[in-house]
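Engineer: Please find one structure pasted underneath; my questions will follow.
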Amino acid sequence: MKKSQLIMIWLLPLIVIGGLFIPVLGYLVLAMIVFFIILSFFKGRYWCWNLCPRGAFLDGIISKISTKKPIPRIFTKQWFRWLIFVLFISFLIYRILHTGGNLIAIGAVFVTMCIITTILSIILGTSMKHRSWCIICPMGTLQEKIGKINSKKNN
Ligand code: SF4
Numbered sequence: 071m072k073k074s075q076l077i078m079i080w081l082l083p084l085i086v087i088g089g090l091f092i093p094v095l096g097y098l099v100l101a102m103i104v105f106f107i108i109l110s111f112f113k114g115r116y117w118c119w120n121l122c123p124r125g126a127f128l129d130g131i132i133s134k135i136s137t138k139k140p141i142p143r144i145f146t147k148q149w150f151r152w153l154i155f156v157l158f159i160s161f162l163i164y165r166i167l168h169t170g171g172n173l174i175a176i177g178a179v180f181v182t183m184c185i186i187t188t189i190l191s192i193i194l195g196t197s198m199k200h201r202s203w204c205i206i207c208p209m210g211t212l213q214e215k216i217g218k219i220n221s222k223k224n225n
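Now the structure itself:
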């Protein structure tokens with residue numbers, strides 16, 4: 071594991087466990103999203119391989135117990151990845167709209183989304199390659215797209 075990952079990995083239990091008791095910790099997820107969207111303009115998926123707390127968790131812990139089986143081909147299809155993205159974002163927006171603007175409830179939405187995606191990443195990471203979730207992770211798909219758009223502009 072990289073040094074940067076060793077530092078960042080602690081944010082994952084802070085959010086998925088601490089967030090159950092202190093929902094405003096969910097805003098850390100929002101802060102990370104804003105940060106990596108900006109970063110991806112310049113460095114593509116640098117966040118994923120160096121800084122993402124869940125990526126660090128998958129590399130440092132799940133890789134040790136992973137069956138390392140190949141991922142299904144459908145995971146690499148663009149239409150499938152964007153379908154996951156649209157479903158994820160729609161669910162996120164739907165849940166935020168149902169908070170009635172309550173800031174604590176909005177924080178709880180981000181905590182819940184982080185818990186759900188972490189559980190998914192563990193299921194996928196243990197039953198196949200440890201970074202399987204990262205192939206279809208909506209936030210990874212987004213960073214890849216932003217990075218590509220920017221590199222096309224610069225060519
Ligand atoms: S793909 Fe998603 S979970 Fe994986 S490292 Fe990137 S942001 Fe984190």
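Numbering (the working numbering), first residue to last: 71 to 225. From the three backbone atoms N, C-alpha and C, an ideal C-beta is built for every residue, glycine too. Computed from a predicted model, the values in this text were never measured in an experiment.
1) With DSSP run on the structure shown, which of helix, strand or coil describes K71?
2) With distances taken Cα to Cα, identify the nearest neighbour of P123 among I159, P83, I107, F105.
3) Comparing the CB of C204 with every heavy atom of the ligand SF4, is any distance shorter than 7 Å?
4) Please state if the CB of P93 and the CB of G171 are separated by a distance shorter than 8 Å.
5) Between F150 and N220, is the Cβ-Cβ spacing less than 8 Å?
6) Around the Cβ of K199, are there at least 16 other Cβ atoms within 10 angstroms (buried) or fewer (exposed)?
7) Cα separation between K222 and M209?
8) Tell whether a beta-carbon distance below 8 Å holds between T196 and T137.
Structural biologist: Concretely, from the data shown:
1) The residue you asked about is not Lys; residue 71 is Met in the sequence shown. Coil at M71, not helix or strand.
2) P83
3) yes
4) no
5) no
6) buried
7) 20 Å
8) yes
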